[in-house]
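Residue numbers for the sequence shown follow our numbering, beginning at 1 and rising by one. Take a look at the structure set out below.
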Amino acid sequence: MVNIAIMGHGFIGSGVVEVLTKNHDHIAAKAKEEINIKYILDIRDFDDLPYSDKFIKDFSVIENDDSIKIVVEVMGGTEPAYSFVKACLLKGKSVVTSNKELVAAKGAELLQIAEENNVNFLFEGSVGGGIPILRPIAQCLAANDILEIVGILNGTTNFILTKMTDDGMEFEEALELAQHLGYAERDPSADVDGHDACRKICILASIAFGKHVYPNQVKTEGIRKITLEDFAYAVGAGYTVKLLGRTKLLDSGKVIATVGPCFVDHTSPLANVNDVFNSVLVRGDAIGDVSFYGRGAGKLPTASAVVADVIDCVKHLSARKYLFWAEGSDDYVQSADGEAVKMYVRLTSENKLMGQIIAEKFQGAQMLSRENQPDNEFAFITPKLKKYIIEDTLADMKDITIIGKMHILE
Ligand code: HSE
Numbered sequence: 001m002v003n004i005a006i007m008g009h010g011f012i013g014s015g016v017v018e019v020l021t022k023n024h025d026h027i028a029a030k031a032k033e034e035i036n037i038k039y040i041l042d043i044r045d046f047d048d049l050p051y052s053d054k055f056i057k058d059f060s061v062i063e064n065d066d067s068i069k070i071v072v073e074v075m076g077g078t079e080p081a082y083s084f085v086k087a088c089l090l091k092g093k094s095v096v097t098s099n100k101e102l103v104a105a106k107g108a109e110l111l112q113i114a115e116e117n118n119v120n121f122l123f124e125g126s127v128g129g130g131i132p133i134l135r136p137i138a139q140c141l142a143a144n145d146i147l148e149i150v151g152i153l154n155g156t157t158n159f160i161l162t163k164m165t166d167d168g169m170e171f172e173e174a175l176e177l178a179q180h181l182g183y184a185e186r187d188p189s190a191d192v193d194g195h196d197a198c199r200k201i202c203i204l205a206s207i208a209f210g211k212h213v214y215p216n217q218v219k220t221e222g223i224r225k226i227t228l229e230d231f232a233y234a235v236g237a238g239y240t241v242k243l244l245g246r247t248k249l250l251d252s253g254k255v256i257a258t259v260g261p262c263f264v265d266h267t268s269p270l271a272n273v274n275d276v277f278n279s280v281l282v283r284g285d286a287i288g289d290v291s292f293y294g295r296g297a298g299k300l301p302t303a304s305a306v307v308a309d310v311i312d313c314v315k316h317l318s319a320r321k322y323l324f325w326a327e328g329s330d331d332y333v334q335s336a337d338g339e340a341v342k343m344y345v346r347l348t349s350e351n352k353l354m355g356q357i358i359a360e361k362f363q364g365a366q367m368l369s370r371e372n373q374p375d376n377e378f379a380f381i382t383p384k385l386k387k388y389i390i391e392d393t394l395a396d397m398k399d400i401t402i403i404g405k406m407h408i409l410e
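So, in structure tokens, the structure goes:
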């Protein structure tokens, strides 16, 4: 029998208990050991549960109990999660977490501590909920040099964007529905402002390229500014709008990493990923493109990834799974402004000649239209140019107010 402790009994933590309890026998058969939840750490009281006797409020009980070999951290946030996880690893306990904020901020350091203490630090549930993605990148695609990753990494925003395009819902109404269904994070800005997707692309980039990409190095934009009018232009031109996390290895060995809303061609596999589903496309030098798809949010999908990591830890109690990346550096993540891209631009101007001016400034631009388009509104897709050239050209244009701007995924 292997004793484990679970730190946090919120949305995911209660799901982990549920999966471990409901599938107890079958999990024991897979792990070849019975898994016993000895403690559940939470500051709140849970007096009415059949397993209320397992709750504790004092972390040192877990830290100092040598019979606890594996600790599940599902508290969220960086503190006290970071201090607790570090203390557990230093005490020779393997740790499993779904806490993307923690891994995106401290992954390299915690992996190093795990290695020094010959224990495992696993976090499959931190990206893509129940979709197996980190283990495939680290193990199954190990023969490849990963060149690029692009993905729909946040279920809540994908749900909101789907409701906007399919049902014509305004952003606020769709967000309320997502919160009501329990998809959104406690603070919806983590979802809608792109921070959650940013943390996930940091983890993917770090694992794929072997060096830590930190959240403050990723240019991040959310979906608050997207309107039904943007969708009308996108759909009219054969696109839809998705919030994408992207990371790419440059020839210099450095990387770019961004999060932002993009126009996605309706024939792209990403265009048809709807509701709370996530999808990640990985490009490797040997395998070409591989895609991963599934439920990226939710209690049981994420709990299933966490429990799979627990089983993996049980099977590797005296061995380390190879999972490692080095600390990052200031100049490792490069600006995406040097990338050649096409961009969607929507602006207003009272200048009646603005259509001509756009055609002159952006030769080959594709003008877009929508129903009920006001006379002073202009929307277009630029030719492929370095992003900073597009930005500089727009900055030089007089008498315009830019109200929408998005990268076109190619
Ligand atoms: N709020 C997150 C999402 C949960 O919507 O994707 C999973 O990380």
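Idealized CB from N, CA, C, for every residue including glycine.
With a threshold of 16 other CB atoms inside 10 Å of the CB of residue i, please say whether the residue is buried or exposed.
i	result
residue 231	buried
residue 328	buried
residue 44	exposed
residue 210	exposed
residue 317	exposed
residue 7	buried
residue 48	exposed
residue 301	buried
residue 156	buried
residue 46	exposed
residue 140	exposed
residue 27	buried
residue 375	exposed
residue 216	exposed
residue 21	exposed
residue 212	buried
residue 419	The first residue shown for the chain is 1 and the last is 410, placing residue 419 beyond what the model contains.
residue 309	buried
Could you please give the first and the last residue of the uninterrupted beta strand (DSSP E) stretch that includes residue i?
i	result
residue 36	35 to 41
residue 262	255 to 265
residue 246	239 to 249
residue 404	401 to 408
residue 4	2 to 7
Looking at the unbroken alpha helix (DSSP H) that takes in residue i, where does it start and where does it end?
i	result
residue 218	That residue, residue 218, is in no alpha helix (DSSP H); it is neither H nor E in DSSP.
residue 354	354 to 361
residue 344	Careful: residue 344 lies outside any alpha helix (DSSP H), inside the beta strand (DSSP E) at 343 to 348.
residue 164	155 to 167
residue 203	195 to 209
residue 373	Residue 373 -> no alpha helix (DSSP H), and no H or E assigned at all.
residue 235	228 to 236
residue 172	171 to 180
residue 26	24 to 31
residue 268	That residue, residue 268, is in no alpha helix (DSSP H); it is neither H nor E in DSSP.
Please report the Cβ distance between residue i and residue j, rounded to the nearest whole angstrom; I am assuming they are in contact, meaning their Cβ atoms lie under 8 Å.
i	j	result
residue 85	residue 13	Wrong, their Cβ atoms sit about 14 Å apart, outside the cutoff.
residue 16	residue 314	With 8 Å as the limit, residue 16 and residue 314 do not qualify as a contact, their Cβ atoms being about 14 Å apart.
residue 202	residue 218	6 Å
residue 153	residue 127	7 Å
Comparing the C-beta of residue i with each C-beta of chain C, is any distance below 8 Å?
i	result
residue 284	Absent from the structure is chain C; it holds one protein chain and no more.
Just to confirm the assignment: which complete beta strand (DSSP E) runs, minimum length 3, are found wholly within the segment 280 to 334? Counting only runs that start and end inside the segment 280 to 334, the beta strand (DSSP E) elements of at least 3 residues fall at 288 to 295.
Fully enclosed by the segment 90 to 150, which beta strand (DSSP E) runs are 3 residues long or longer? Counting whole runs of 3 or more residues, the segment 90 to 150 contains the beta strand (DSSP E) stretches 94 to 97.
Enumerated in chain order, which unbroken segments of the alpha helix (DSSP H) with a length of 4 residues or greater are wholly contained in the segment 37 to 80? Counting only runs of 4 or more, we get 59 to 63.
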